[in-house]
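Q: A single structure is presented below for examination.
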Amino acid sequence: MNLIENLNKIKTSLKKDVELIAVSKTRTNEEILQLYNAGHKVFGENRVQELIEKQEVLPKDIQWHLIGHLQRNKVKYIAEFVHLIHSVESERLLNEINKQAKKYTRIIPVLLQIKIAEEKTKFGLDIDKAENILKTYKENFENVKIIGVMGMSTFTDDLTQVKREFQTLKKVYDKFQILDKEIKILSMGMSGDYELAIKEGSNMVRVGSAIFGEREY
Ligand SMILES: *Cc1c(COP(=O)(O)O)cnc(C)c1O
208 MNLIENLNKI KTSLKKDVEL IAVSKTRTNE EILQLYNAGH KVFGENRVQE LIEKQEVLPK
268 DIQWHLIGHL QRNKVKYIAE FVHLIHSVES ERLLNEINKQ AKKYTRIIPV LLQIKIAEEK
328 TKFGLDIDKA ENILKTYKEN FENVKIIGVM GMSTFTDDLT QVKREFQTLK KVYDKFQILD
388 KEIKILSMGM SGDYELAIKE GSNMVRVGSA IFGEREY
């Protein structure tokens, strides 16, 4: 498995305004360093514990994205350094991120994770709830900035369903851009569907196994 070859193949296939997050969960520091030494500095993790262990020992100019479900009591461990949180799913979580960001006199950029999957098990905000948060959060939260939306499609081979779900998220993104000019990121697409996601308007893709190979848990 040549990670750098995989990374470069994906990078050259992306449109130039699409950012690639290399999803490094379960991968070793050595694997991450291979990509880092080849010039890639943007990585995504879905577990706080794993993220902080890696952040501590890996180069400090890596931009770490938190892409997975985030518990409020763990925000304090990542508030000092996290580059972007993709998975804000409630106002209470946003409140906690704001509080921890203040301690470091930072403004932490975040995405609202929107429920787009037609299957029932996925995390995320209902669209109305997300819109309400976007319209009101600035009154109370000075240390967070909502800069976009994130979504995960249903895990299915039915690409017409995935496409429909991506189109739903794109519509939300377009609407939110009209409501708030800070909105500029549409985070959707993973190894199996990032090409489709980009066709449907994504400008940030989160790709793990297509770079690193299949994960073994
Ligand atoms: C693991 C994960 C990814 C990447 O998944 P791959 O299929 O390996 O590309 C993307 N987004 C989230 C939220 C993830 O947890």
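Counting in the numbering used here, the sequence shown runs from 208 upward without gaps.
Think of the CB as a built atom: it goes at the ideal place given N, C-alpha and C, for glycine as much as any other residue.
Could you tell me how far apart the beta carbons of Glu242 and Leu214 are, in whole angstroms, since I believe they sit closer than 8 Å?
A: Note that residue 242 corresponds to Leu in the displayed sequence, not to Glu. Sure, about 6 Å apart at Cβ, within 8 Å.
Q: For Leu315 and Val230, what's the separation of their Cα atoms in angstroms?
A: This sequence places Ile at residue 315; Leu is not what is there. Going from the Cα of Ile315 to the Cα of Val230 covers about 20 Å.
Q: Around the C-beta of Gln262, are 16 or more other C-beta atoms found within 10 angstroms, so that it is buried, or is it exposed?
A: So Gln262 ends up on the buried side.
Q: Rounded to whole angstroms, what is the Cα-Cα separation between Ala308 and Asp268?
A: So the two alpha carbons sit approximately 19 Å from each other.
Q: If you draw a straight line from the alpha carbon of Gln384 to that of Tyr344, how long is it in whole angstroms?
A: Distance between the alpha carbons of Gln384 and Tyr344 is about 15 Å.
Q: Between which two residues does the beta strand (DSSP E) containing Phe383 stretch?
A: Taken as a continuous stretch (DSSP letters only), Phe383 belongs to no beta strand (DSSP E), being part of the alpha helix (DSSP H) at Leu366 to Leu386.
Q: Please report the distance separating the alpha-carbon of Gln270 from that of Glu349.
A: Spanning the two alpha carbons is a distance of roughly 22 Å.
Q: Going by DSSP in three states, Gln278 sits in which element: helix, strand or coil?
A: Correct three-state label for Gln278: coil.
Q: Would you identify the three-state DSSP class for Leu319, choosing helix, strand or coil?
A: If DSSP states are grouped into helix, strand and coil, Leu319 belongs with the strands.
Q: According to DSSP, simplified to helix, strand and coil, what is Ala229?
A: Strand at Ala229.
Q: What does a CB cutoff of less than 7 Å around Ser360 pick up in its chain, not counting 5 residues either side in sequence?
A: Excluding positions up to five away in sequence, the list reads Ile323, Ala324, Val369, Glu372, Phe373 and Asp400.
Q: In three-state DSSP terms, what is Lys216?
A: In this structure, Lys216 counts as helix in the three-state DSSP scheme.
Q: Pull up the CB-CB distance for Ile415 and Lys232, whole angstroms please, since I reckon it's below 8 Å.
A: Looking at the sequence provided, one finds Gly at residue 415 rather than Ile. Sure, about 7 Å apart at Cβ, within 8 Å.
Q: Starting from the Cα of Leu386, find the closest Cα among Leu318, Leu341 and Ser394 and give me that residue.
A: Looking at the Cα atoms, Leu341 is the closest of the given residues.
Q: Hey, Val351 and Tyr380 are a contact pair by Cβ (cut 8 Å); roughly how many whole angstroms apart?
A: Incorrect: roughly 19 Å between the Cβ atoms, too far for contact.
Q: Expressed to the nearest angstrom, what Euclidean distance is found between the alpha-carbon atoms of Lys216 and Asp333?
A: Rounded to whole angstroms, Lys216 to Asp333 spans 35 Å at the Cα level.
Q: Relative to the C-alpha of Thr367, which candidate in Lys382, Leu403, Ser398 and Glu338 has its C-alpha closest?
A: If we check each option's Cα against that of Thr367, Leu403 comes out closest.
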